[in-house]
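*Asks:* 1 is the number of the first residue of the sequence shown in the UniProt record's numbering; add one for each residue after it.
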Amino acid sequence: MASHEAASADEAEHDEASDCELPPAPPQEQHMRMVRGVCVKLPYAPYPPQLALLNNLLAALSGAQHALLEAPTGTGKTLALLGGVLAWREHFVQQQQQQQQQQQQDEDEDEPGIEHDPRDENAGSGLPRCAGTGTDACTKGLQTGTTSDQQPVVPVPPILPPQSPKPLSMLGAELSGDDDFQDTRPFIRKALESRAQHTSEQSDGDSSTHGADKGSGGEFASKTTSRVPLIIYATRTHSQVTQVVHELRKLSTYSPRLAVLASRSRACINERVRRQRNVDESCVDAVLAPPSKKSHCYFSAPKRVKRLALDPLFEPPLGRFAKWDLEDMASVAREHRSCAYFAAFERVASGAAELVVLPYNYVLDPLTCAAARIDLAHAVLIVDEAHNVDEVCRDSASFCKSVVELMRIVQRLNSAFLDASRILDDEVRASAAMAEATVAAATASRQVQEDSEIESPLQRSVAAQIVTSISRMVSFLKSMCAWLQRNAMAGKVSLTGNTHIRRLRGQELRRALDELGLSETVSKQVKADMSSLQKWLEEGVKQKHTTKQAVYKRVNNKRGCDIDAQASMDEELLLTLSKAVHSLRPVEKMIFAASLCTSSDDALDAYDMVLESRHEGAEHHVELKLWCFDAKLVFKQVADRVRCAILASGTLSPLVSLKSELGVAFPITAQLRHVIDTRTQLYSAVVGTTATAALGHSQGQSLVLNYQAAQDLLMQDRYGHALLQLVRYIPGGALVFFPSFHLMSRLVERWRDTAVLDEMERAKGGAVFIECSSATLERTRFDEENEEEDVGDNSSARTSHGKRDAVLEYRRLTGREGEADVGKRVASHRVPPPPSAMLFAVYRGRSSEGIDFRDNQARAVIALGIPYAPFRDMQVQFKREFNDRVRQRASEHDNAFESNACSVTQLQSGAEWYEAQAFRALNQAVGRCIRHREDYGAVLFLDSRVASKTASLSTWIAGGHGGAGCSRSVSVRSACQALDVFFSAHRTHSDQDHELTASALP
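#1: Please name the residue in 598, 355, 864 and 84 whose C-alpha comes closest to that of residue 323.
#2: At 3 residues or longer, and completely inside the region 341-386: list those beta strand (DSSP E) runs for me, N to C.
#3: What distance in whole Å lies between the Cβ atoms of residue 517 and residue 479, which are believed to be in contact at a cut-off of 8 Å?
#4: Let's test the definition: count the other Cβ atoms within 10 Å of the Cβ of residue 988 and tell me whether it reaches 16, buried, or not, exposed.
#5: Using the beta-carbon count (16 or more within 10 Å), is residue 543 buried or exposed?
#6: Taking DSSP as the reference, what is the three-state secondary structure of residue 986?
#7: Is the number of C-beta pairs between the region 645-653 and the region 64-74 that are closer than 8 Å three or more?
#8: Do the region 623-632 and the region 48-66 meet, that is, are 3 or more Cβ pairs less than 8 Å apart?
#9: For residue 6, count the other beta carbons within 10 Å of its own beta carbon; 16 or more makes it buried, fewer makes it exposed. Which is it?
#10: What are the complete beta strand (DSSP E) segments, minimum 3 residues, inside the region 32-101?
#11: For the region 581-600 and the region 502-520, state whether three or more C-beta atom pairs, one from each stretch, are separated by less than 8 Å.
#12: How is residue 688 classed by DSSP in three states: helix, strand or coil?
#13: Identify whether residue 596 lies in helix, strand or coil by the three-state DSSP scheme.
#14: Rounded to the nearest angstrom, what separates residue 326 and residue 247 at their Cα positions?
#15: In this structure, what does DSSP give as the bridge partners for residue 966?
#16: Using DSSP with H/G/I as helix, E/B as strand and the rest coil, what is residue 838?
#17: Which value, in whole angstroms, describes the spacing of the CA atoms of residue 123 and residue 36?
#18: Do the region 909-918 and the region 931-943 make contact, defined as three or more Cβ pairs closer than 8 Å?
#19: Does the distance from the C-beta atom of residue 627 to that of residue 608 stay below 8 Å?
#20: Could you check which residue in 876, 874, 869 and 906 has the C-alpha nearest to that of residue 887?
#21: Taking DSSP as the reference, what is the three-state secondary structure of residue 613?
#22: Since residue 244 is in the alpha helix (DSSP H), which residue starts that stretch and which ends it?
#23: Assuming contact is defined by CB atoms lying nearer than 8 Å, are residue 685 and residue 703 in contact in what I supplied?
#24: Among 689, 525 and 573, whose alpha-carbon lies nearest the alpha-carbon of residue 540?
#25: Compute the Euclidean distance between the alpha carbons of residue 171 and residue 302, then round it to the nearest angstrom.
#26: Kindly confirm or deny that the region 342-349 and the region 249-256 touch, where touching means at least three C-beta pairs closer than 8 Å.
#27: For the ligand GDP, is there a heavy atom less than 7 Å away from the beta-carbon of residue 475?
#28: To the nearest whole angstrom, what separates the beta carbons of residue 736 and residue 871, a pair I think is in contact under 8 Å?
#29: From which residue to which residue does the beta strand (DSSP E) around residue 324 run?
#30: Since residue 738 and residue 638 should fall inside the 8 Å C-beta cutoff, what is the C-beta to C-beta distance between them, to a whole number of angstroms?
#31: Ordered along the chain, which non-local residues of its own chain (more than five positions away) have a Cβ less than 8 Å from that of residue 724?
#32: What ranges does the alpha helix (DSSP H) occupy inside the region 464-539, keeping only unbroken runs of at least 4 residues that lie completely in it?
#33: Secondary structure at residue 624, three-state DSSP: helix, strand or coil?
#34: Look up residue 683 in the DSSP assignment and say whether it is helix, strand or coil.
#35: From 529, 67, 314 and 391, pick the residue whose C-alpha is nearest to that of residue 353; which is it?
#36: Alpha helix (DSSP H) containing residue 864: first to last residue?
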């Protein structure tokens, strides 16, 4: 299965903005189009594919329907999605205001003595209008093809969604009563008070509407309420989140209140925490550490977080960072000495956000969504780069844990148990002494009857309840580990000499879940205990913050040692309890997956359990895997809650199969064309043969990079020499994609031994970069940040061996154009050769999906092989079997599914699914080549098998200059000749353009 690691670095650069006190910059020229009665304003005239995208998007938004929109990369998809949904929201708000005005007029007319003003003809008419320009101006612009920007744009009064509960991840960072961090700037204090009052009034006003959302009236009525929907824009990686914000900045007309969510590792500004290997765990420890300790994170103070979250700097339209990204928030957070991570979630929890941009695991993983307190009810959900949605949903309903990991959770629970027990022992002694004194006093006064009972304070003791809950949790986990140790070897199937598996399905799987303690009855008690521990943790954090002011004063007065022993013990319990609660996240996921699995017979059929045992010397390792193969078990929960789900990507095909995988009806689907002229701006070909004189071959040799051929040294040499010949004819940057890191490492090692890699480096100016995995990059980042020695500027040369962020260095080199180059261009009237380099990357990696390679950074994409998932991988095999099983049942009982809006008979077979997954990753990678309308480049497939599978390629690739070659293999020699002609033509065109530019200079 493909990995879902997020991109490891955000490479976006930001221009400095003016202070919030300064007047706003003049608005950019906006091009207005009326689409389905909604006036959409874009920074330029939309391309035909963008208009088609807007038409389908607005149809889905207006009708509260789900949609699948496939648009090639480089067509302005993100800008069109943002512009369309924000225009629709503005239109929605106007309609609500007009309806309220009409309702008020009707009420006034019914009252005696109130006369209607006939001059107000359009009030309550419900006619669509462009804000600040009027319907006539927008219609005129649409008919004549011109725009009208003569009248000022009138901002629409914001309507906030109702408040949602505070996020679980805030760890009690709610507003406290202390004034140590009260902002003294009047305009900030006034803004905070105004926002608090506005949010309170809005929440009160929406309560009745929210309660009536689920009334009668059908599905459409339940999704179309008067409440203004929250817009959630989800994308795959953190780098793509940054790109979304950059596109939002181009839409000067729309200024929604924004929130950008990210992981702790991205948003943390505490350098002590950032230097740790596990940032999430270190963050929790620092937040809950006593203020007297150096490890305490004072950035998390509730008042600081609240002040940062509602800072006017982030408020449209005058805020300096009204359209902020992670770097902007971190910059302001450092000035405020406040936590950017908690502040971002506070903006969502307080209802201050109208548009939320986040990685899509925050909404597609139900447990993560619940922990972040993201309210999906009636929201508009846009999922960009949605080609992996089905896989993400399956992963969120699966889990994999070893006995070692489960016992590590037990250890953390035991630590909290010991701390709670020590406190309980003190309470027992104090309670016993109090009880003796009470009984003695009562006996002496003869007020105690024989049958009376004296309530012990221990009955109300939090420590006692914590001890009880932890005891049950420890017993539950130890019983589970014991069962796994006993049953892992029963009915085993040998994989290797020291690894065995046991597969459980159907009723056997149901019995196993019951025996593991994951039945509904036992799980209910376990969830209750986890909920209780979480509640007590939050209460402890709240009490900690209410007394923090006094503690800070004592520490500042150097009297921290005066803190009494009981308070220190409570702090210790709070820290160990926090670690224990956070370690229970995997247990929560186990219970969630088990409950889904046993929810119905169909759901049970979609799951497989694997018990894997492995012997390493004297040690015996056992692992529990529960895999889900039906994405609709998760996605349907999400789709049923939102107003509409818009899934967009450049590689959603085949759409019929995706709809059946997700189990939701998508009434609106569209597959859009590219914005470029593929006949002149794209060269595409399948390079399937090579004649390599260096290897002594006179006849063309086939290029096939399957598993067997990859082991052949001769085939490895063929690919090395073919790649070498091709890159000599490619100016600028070239991206080369490999099926896996393992195969890339093997080929690079072979090419280095045969000196082919050295020749490639000479051909590309000595710059061949090799991408490393996100895990390796993270380890390298940690090591380098903790190095004591200073690394000089020349250390960037190590990127070619993957020691640093090779992708970032590659982009800097190929995207560089200094002033010296500009001077040479003007003097010679010719374009100097662009910086040349080559990047080795892998399909499904960060370079293939999470990074924008523009212009010279990707003049060519060379695809080696076809990225099929490992055929013998158990998870892949079981998924193929599941699809075949469902298809077989559907064909036998076809009539039973005729009433379904999305029939399972449309589900792909296992082989078809396997093929589609590979080509979806292939198409996604080659999409790095063309990024905008003026871009051009070459796409080369170095595998003869692609020629017989052109139907699986994106349509825009097959239509390129020389696109007929995609249906047949060409030789390396023919491809080199065609590349020379293609790039020479574009080089000549660029020379002519710059000659005209130079002649116009004084």
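Idealized CB from N, CA, C, for every residue including glycine.
*Replies:* Per the coordinate set shown:
#1: 355
#2: 355-359 and 380-384
#3: 6 Å
#4: exposed
#5: exposed
#6: helix
#7: yes
#8: no
#9: Residue placement at residue 6 cannot be trusted, given a pLDDT of 41 that sits under 50; what the coordinates show is reported in the next sentence. Classification for residue 6: buried.
#10: 38-42 and 67-70
#11: yes
#12: strand
#13: helix
#14: 15 Å
#15: The partner list for residue 966 (beta bridge, DSSP) is empty, contrary to what the question assumes.
#16: strand
#17: Any reading at residue 123 must be qualified, since the residue scores a pLDDT of 43, below 50, and its modelled position is unreliable; the value itself is stated next. Straight-line Cα distance between these residues: approximately 21 Å.
#18: no
#19: yes
#20: 906
#21: strand
#22: 238-249
#23: no
#24: 573
#25: Confidence is the limiting factor: at residue 171 the pLDDT is only 41, short of 50, which leaves the residue's position unreliable, though a coordinate-based value still follows. Spanning the two alpha carbons is a distance of roughly 10 Å.
#26: no
#27: The ligand GDP is absent from the structure shown, which contains no ligands of any kind.
#28: Actually they are not in contact, since the Cβ atoms of residue 736 and residue 871 sit about 24 Å apart, beyond 8 Å.
#29: First-last for residue 324: undefined, no H or E at that position.
#30: With 8 Å as the limit, residue 738 and residue 638 do not qualify as a contact, their Cβ atoms being about 34 Å apart.
#31: 756, 759, 760 and 763
#32: 506-516
#33: strand
#34: strand
#35: 314
#36: No alpha helix (DSSP H) holds residue 864; the beta strand (DSSP E) holding it covers 860-864.
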